[in-house]
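Add 6 to the 1-based position in the sequence shown for our numbering, that's all there is to it. Even for Gly, the Cβ is constructed at its ideal location relative to N, Cα and C. One structure is given below, encoded as structure tokens.
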Amino acid sequence: MDTGDTAWILASSALVLLMTPGLAFFYGGMVRSKTVLNMMMMSFAGLAIVPILWVLYGYSFAFSPGGSGWLGGLDRLGFDNIGVATAYGTIPEFVFAGFQLMFAIITVALISGAIADRAKFGAWIVFVVIWMTVVYFPVAHWVFDFGDDGGWIATQLEAIDFAGGTAVHINAGAAGLALALVLGKRVGWKKDPMRPHNLPFVLLGAGLLWFGWFGFNAGSAVGANGLAGLALVNTAVATGAAITGWLAYDLVKEGKATSLGAASGAVAGLVAITPAASAVSPLGSIVLGIVAGVLCAAAVSLKWKLGFDDSLDVVGVHLVGGLVGTLLIGLLATKNPGGVSVDGLFYGGNADQLGKQAVAAVAVLAYSFVLTYIIGKLIDVTIGFRLDEESEVTGIDQVEHLESAYDYAGGTGGSPFKTGV
């Protein structure tokens with residue numbers, strides 16, 4: 007085992023964990039003031055629940071040997087058969103397991119933005135448990151497990167997904183679309199103003215996500231090496247290019263460059279470069295980022311025409327951004343010693359890799375959408391997933407948490423519970 011690699015993955019794990027509070031600020035600033043606490047709590051629910059599931063069975067389902075191409079084995083249930091000296095490549099297996107845990111946490115948190123303002127918090131808790139079990143853990147095995155009994159996308163199809171364009175972003179985006187359809191539109195959608203209540207929160211959240219994403223992508227090299235350096239540079243370059251592309255789209259369409267557009271463009275670029283960070287050159291990252299920024303900005307506006315209420319643009323940013331990054335690998339990939347060993351179409355390659363990328367993207371999209379729709383429906387017809395109209399209009403923070411984010415009238419805000427003397 008290598009101490010430098012171990013130190014880098016430990017640091018990367020902390021960076022990725024920070025992304026979930028960053029997402030809470032990003033989403034929290036985008037909703038109305040009466041629902042900001044609930045929006046942030048949906049992210050924190052993942053921080054609470056997913057680590058428990060991961061230790062009990064999640065890590066085993068995703069990475070344990072002795073399984074198949076579809077699901078890991080049972081050898082790591084309860085983190086059994088892992089010792090402090092057990093290695094995963096050049097790092098301790100505990101470190102690898104902790105790093106992958108952070109991916110699991112933020113993936114389910116991403117979904118919450120699609121159903122902002124209208125979901126029961128208790129129902130969301132139930133959803134997190136079921137969705138992680140039947141959707142995320144198997145898909146993580148498909149994409150991330152390169153062992154002898156590894157996932158079919160990683161070892162049989164050999165599609166390239168460096169850090170989770172399929173397993174994280176297409177997965178979460180398809181799930182967000184399914185839940186938005188199950189819960190339906192918010193009260194007053196298209197009629198009442200539903201503007202972001204705190205744009206500085208949105209920018210702060212985007213900055214924290216960008217900071218953490220260096221661990222997300224560069225950490226996926228699973229070592230302190232040149233591949234991590236390439237991923238870090240590509241992450242910075244593609245994100246800047248995506249902001250440029252999104253703002254250019256806004257300037258052409260609306261005549262203004264907005265802070266919300268800049269923050270959304272940054273996340274779109276981060277999403278798109280995630281699967282491709284090891285496969286493209288920095289020049290290719292510029293192209294990928296600009297394309298992602300423009301296409302994601304255009305996709306966000308489609309929800310109004312298609313009639314589905316994806317509250318915080320999970321579909322437009324994460325599903326579309328994940329598809330852009332995953333598919334463009336087939337065009338922009340370049341052979342790199344220590345990295346990928348294929349060229350995309352634009353670099354003299356053939357269409358084989360593009361086909362593999364498409365199969366992986368469609369498989370994860372379809373699996374996640376269908377299973378999530380079924381899970382959402384079952385929760386809705388049993389315990390109920392959506393708040394009643396009166397509670398939704400009043401505001402989820404007061405109804406579900408007995409709190410409000412802001413004290414508007416001296417003593418009416420905050421928490422009803424004592425926090426000190």
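Contacts around Val300, its chain only, beta-carbon distance under 8 Å, and the 5 residues preceding and following it disregarded
Here residue 300 refers to the residue found at position 294 of the sequence shown. Cβ neighbours of Val300 beyond the five flanking positions: Gly251, Trp252, Ala254 and Tyr255.
If you measure between the beta carbons of Asp6 and Val188, is that distance less than 8 Å?
Lying before the first or after the last residue shown, residue 6 is absent from the chain, which here runs from 7 to 427.
How should Glu398 be labelled, buried or exposed, when 16 other C-beta atoms within 10 angstroms of its C-beta is the threshold for buried?
Reading the sequence shown from its first residue, position 392 is the one you call residue 398. With 16 or more other Cβ atoms within 10 Å, it is buried.
Flag this pair as yes or no: are the beta carbons of Ser374 and Val149 separated by less than 8 Å?
As a first step, residue 374 must be located in the sequence shown, where it is residue number 368. As a first step, residue 149 must be located in the sequence shown, where it is residue number 143. The Cβ atoms of Ser374 and Val149 do not sit closer than 8 Å to each other.
Ala411: buried (16+ other C-beta within 10 angstroms of its C-beta) or exposed?
Counted from its first residue, the sequence shown places residue 411 at position 405. Of the other Cβ atoms in all chains shown, 16 or more fall within 10 Å of the Cβ of Ala411; this residue is therefore buried.
Considering Cα atoms alone, identify which of Val326, Ser49 and Asp319 is closest to Ala298.
On the sequence shown, residue 298 is found 292 positions in, with the first residue counted as 1. Comparing alpha-carbon positions, the option among Val326, Ser49 and Asp319 lying closest to Ala298 turns out to be Val326.
With a Cβ-Cβ cutoff of 8 Å, do Gly275 and Gly295 count as a contact?
As a working note, residue 275 is residue 269 in the sequence shown. As a working note, residue 295 is residue 289 in the sequence shown. Yes; because the gap between Cβ atoms is below 8 Å, this pair is in contact.
Considering just the uninterrupted stretch of the alpha helix (DSSP H) at Glu398, what are its terminal residues?
To locate residue 398, count along the sequence shown from 1; it is residue 392. Note, Glu398: alpha helix (DSSP H), Glu395 to Thr400.
Tell me the DSSP secondary structure of Ala367 in three-state form.
If you number the sequence shown from 1, residue 367 lands on position 361. DSSP places Ala367 in helix when its eight states are reduced to three.
Per DSSP, which one or two residues make a beta bridge with Tyr94?
Residue numbering aside, residue 94 sits at position 88 when the sequence shown is read from its first letter. Per DSSP, Ile97.
For Ile402, which option in Trp130, Gln363 and Ala282 has the closest C-alpha, if you only look at C-alpha atoms?
Position 396 of the sequence shown, counting from 1, holds the residue named residue 402. The candidate whose alpha carbon is nearest that of Ile402 is Trp130.
Using beta-carbon positions only, say whether Glu4 and Lys383 come within less than 8 Å of one another.
In the structure as shown, the chain begins at 7 and stops at 427. Residue 4 is therefore absent and cannot be evaluated.
Any idea which residues DSSP pairs Arg392 with across the strands?
Counted from its first residue, the sequence shown places residue 392 at position 386. In DSSP, Arg392 forms a bridge with Ala125.
My guess is that Gly182 and Gly119 are in contact by the Cβ rule of under 8 Å, so how many angstroms apart are they, rounded?
Taking the first residue of the sequence shown as 1, we reach residue 182 at position 176. Taking the first residue of the sequence shown as 1, we reach residue 119 at position 113. Sure, about 7 Å apart at Cβ, within 8 Å.
To the nearest angstrom, report how far apart Ile2 and Lys40 are at their CA atoms.
Not covered by the structure: residue 2. The range shown for the chain is 7 to 427.
Are the beta-carbon atoms belonging to Met47 and Phe127 less than 8 Å from one another?
Stepping through the sequence shown from its first residue, residue 47 is reached at position 41. Stepping through the sequence shown from its first residue, residue 127 is reached at position 121. It is a contact, given that the beta carbons lie within the stated cut-off.
By a C-beta neighbour count over all protein chains shown, 10 Å radius and 16 as the cutoff for buried, is Asn356 buried or exposed?
If you number the sequence shown from 1, residue 356 lands on position 350. Asn356 is exposed by the Cβ-count criterion.
Report the rounded CA-to-CA distance for Lys424 versus Ala54, giving the unit in angstroms.
In the sequence shown, counting from the first residue as 1, residue 424 sits at position 418. In the sequence shown, counting from the first residue as 1, residue 54 sits at position 48. Here the model assigns Lys424 a pLDDT of 47, short of 50, so the residue's position is not dependable and the matter cannot be decided.
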